[in-house]
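**Student:** Terminal number for the sequence shown in our numbering: 110, no gaps in between.
Just so it is clear, CB atoms sit at the ideal spot from N, CA and C, and this is done for glycine as well.
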Amino acid sequence: MRPGGQPNMQQMLKQAQKMQQQIAKAQAELAEAEVSGTAGGGLVTATASGAGEIKSIKIDPKAVDPEDVETLEDLVLAALHNATAAARELTDQKMGPVAGGMGGLGLPGF
Numbered sequence: 001m002r003p004g005g006q007p008n009m010q011q012m013l014k015q016a017q018k019m020q021q022q023i024a025k026a027q028a029e030l031a032e033a034e035v036s037g038t039a040g041g042g043l044v045t046a047t048a049s050g051a052g053e054i055k056s057i058k059i060d061p062k063a064v065d066p067e068d069v070e071t072l073e074d075l076v077l078a079a080l081h082n083a084t085a086a087a088r089e090l091t092d093q094k095m096g097p098v099a100g101g102m103g104g105l106g107l108p109g110f
């Protein structure tokens, strides 16, 4: 702050630029990262990017019962939820420190 309580705009712009670079880096890391979610003791595994995009589903043949498709559907859904929760957690870890620094700018919502 300058005398009189006025913020130094140049300093604020530098801070904003630095945060923008940190956000871009974190987003790139998230896009490259992979997380997995499982269900049924590993019978179904869903793999997602750190950004939450589902990349693959693996189903153990033991999980396939033509008489009980509903259970398999539930396992797939549970694995997807697990993978997207892991992606959200990774996003919070990567973006949390960056977003926490935005409070110092006095920006609403940060």
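Taking C-alpha atoms, which residue in E29, A85, D68 and L13 lies nearest to R94?
**Tutor:** It should be noted that the sequence gives Lys, not Arg, for residue 94. Nearest C-alpha to K94: E29.
**Student:** Look up E53 in the DSSP assignment and say whether it is helix, strand or coil.
**Tutor:** Three-state DSSP puts E53 in coil, outside helix and strand.
**Student:** Using 10 angstroms around the beta-carbon of L75, count the other beta-carbons present and answer buried if the total reaches 16, otherwise exposed.
**Tutor:** Its Cβ being crowded by 16 or more others within 10 Å, L75 is buried.
**Student:** Where does A48 fall in DSSP's three states?
**Tutor:** DSSP places A48 in strand when its eight states are reduced to three.
**Student:** In whole angstroms, what separates the C-alpha of P61 from that of L43?
**Tutor:** Rounded to the nearest angstrom, the two C-alpha atoms are 8 Å apart.
**Student:** Is G40 helix, strand or coil when you go by DSSP?
**Tutor:** If DSSP states are grouped into helix, strand and coil, G40 belongs with coil.
**Student:** What does the Cβ neighbour count give for A39, buried or exposed, with the cut at 16 atoms within 10 Å?
**Tutor:** Buried is the call here.
**Student:** Start and end of the alpha helix (DSSP H) containing A16?
**Tutor:** Per DSSP, A16 belongs to the alpha helix (DSSP H) from M9 to E32.
**Student:** Touch check for the stretch 62–81 and the stretch 15–33: three-plus C-beta pairs under 8 Å?
**Tutor:** No, they do not touch.
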